[in-house]
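Quick notes on the structure that follows.
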Amino acid sequence: MSRIKALIFDVDGTLAETEEVHRQAFNRTFEEFDLDWHWDQATYKQLLKVTGGRERMEHHALSQGLPVPDCAALHKVKTAHYNSLISQSGVTLRPGVEALLVAAREAGMVLAIATTTSRPNVTSLISSTLGGQALGWFTAICCGEDVRVKKPNSEVYRLALELCAVEASQALAFEDSANGLRAAKAAGMACIVTPGIYTLDDDFSGADLMVENLAALEARLPFLLSVFG
Ligand code: XBP
Ligand code: MG
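According to our numbering, the residues represented by the sequence shown are 125 to 353, in order.
The following block contains the structure:
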């Protein structure tokens, strides 16, 4: 019987490739606030090293020597743009994600989310890809609003472990970024990395397993659990 009782998933880049929708939402917000900011893909790739949309905007202003706008107000509007965009974006879950979630549920495992993104974004992504009832598949959905310090700090993973009532050694984390990997490892967890389009060249040293995507992992779930459990 495997020691692993819980699978804890990151969201952006892991469950789905959502960062292009985030980037569009940021740029729409900048236009709406008449800021002459525009984040192209290369700029956004660098800025993604800063987790949290509000923190990312503050960092951009400070690093460019620009006046810092009301980033809390900007972020609220950005989140609204993201949530209207995601439902029409056609974004789907990455390969193997749904099958793994279903197989883990059937195996009686606990599922949780540990993300830096904002709660409304998780709700809209899960609802638009799996249906609203799938939010109930997760024992804990821990978001940016729930922690004082975001990834790579381990706080969000420690919160998810606590809410799932499992020890770090009983849970597996799934991540797409170096920040996320560091957060999971700092929480004492094993971490499987599936790099996303924006994190392909991140430093994933310390990952317990790296796979291109989660496709066919569900078929190897017993093996996976035996390796980590
Ligand atoms: C990725 C992030 C988030 C998103 C934007 O989160 O760092 O900040 O880029 O979402 P994850 P917000 O931990 O799921 O990879 O603007 O809501 O922060
Ligand atoms: Mg991520």
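Virtual Cβ for every residue (Gly too), placed ideally from N, Cα, C.
Which residue from R306, L348 and V135 puts its Cα closest to that of L217?
Checking every option, the nearest Cα to that of L217 belongs to V135.
Taking only runs that begin and end inside the region 263-339, name each unbroken beta strand (DSSP E) of 3 or more residues, in chain order.
Those beta strand (DSSP E) runs which fall completely within the region 263-339 and span 3+ residues are 264-266, 295-299 and 314-317.
What does a CB cutoff of less than 6 Å around I250 pick up in its chain, not counting 5 residues either side in sequence?
Around I250: A258 and L259.
Among the candidates K173, A311 and P346, whose CA atom is the shortest distance from the CA of G330?
Taking only the C-alpha atoms, the option nearest G330 is A311.
Within the chosen definition, does the region 145-157 reach the region 202-218 through at least 3 CB pairs nearer than 8 Å?
Segments in contact, yes.
In angstroms, rounded to a whole number, what distance separates the CA positions of T167 and S187?
Approximately 12 Å between the Cα atoms of the pair.
Would you kindly check if the distance between the Cβ of V246 and the Cβ of C266 is under 7 Å?
In this structure, V246 does not lie closer than 7 Å to C266 by Cβ.
Would you mind reading off the limits of the beta strand (DSSP E) that contains A238?
Here the beta strand (DSSP E) through A238 covers V234 to A238.
Go ahead and label M313 buried or exposed: buried means 16 or more other beta carbons lie within 10 angstroms of its beta carbon, across all protein chains shown.
When all chains shown are included, M313 counts as buried.
CA-CA distance, D270 and G320?
If I take the Cα positions, the gap works out to 24 Å.
Using a Cβ-Cβ cut-off of 7 Å (strictly less than) and excluding sequence neighbours within five positions of R127, which residues of its own chain qualify?
Cβ neighbours of R127 beyond the five flanking positions: S293, Q294 and G353.
Tell me whether T241, by its Cβ, gets closer than 6 Å to a heavy atom of ligand 1.
Yes - ligand 1 has a heavy atom lying nearer than 6 Å to the Cβ of T241.
For F262, count the other beta carbons within 10 Å of its own beta carbon; 16 or more makes it buried, fewer makes it exposed. Which is it?
By the 10 Å Cβ count, F262 comes out buried.
What is the DSSP secondary structure of F157, reduced to helix, strand or coil?
In this structure, F157 counts as coil in the three-state DSSP scheme.
Compute every distance between the C-beta of D134 and the non-hydrogen atoms of ligand 2, then say whether any falls below 6 Å.
Under cutoff, so the answer is yes.
Can you list, in chain order, the residues of its chain whose CB lies under 6 Å from that of S213, leaving out five sequence neighbours each side?
Correct list, in chain order: V145.
Of all the options N337, L348, R243 and A197, which has the alpha carbon lying nearest to the alpha carbon of V221?
The shortest C-alpha separation from V221 is found at N337.
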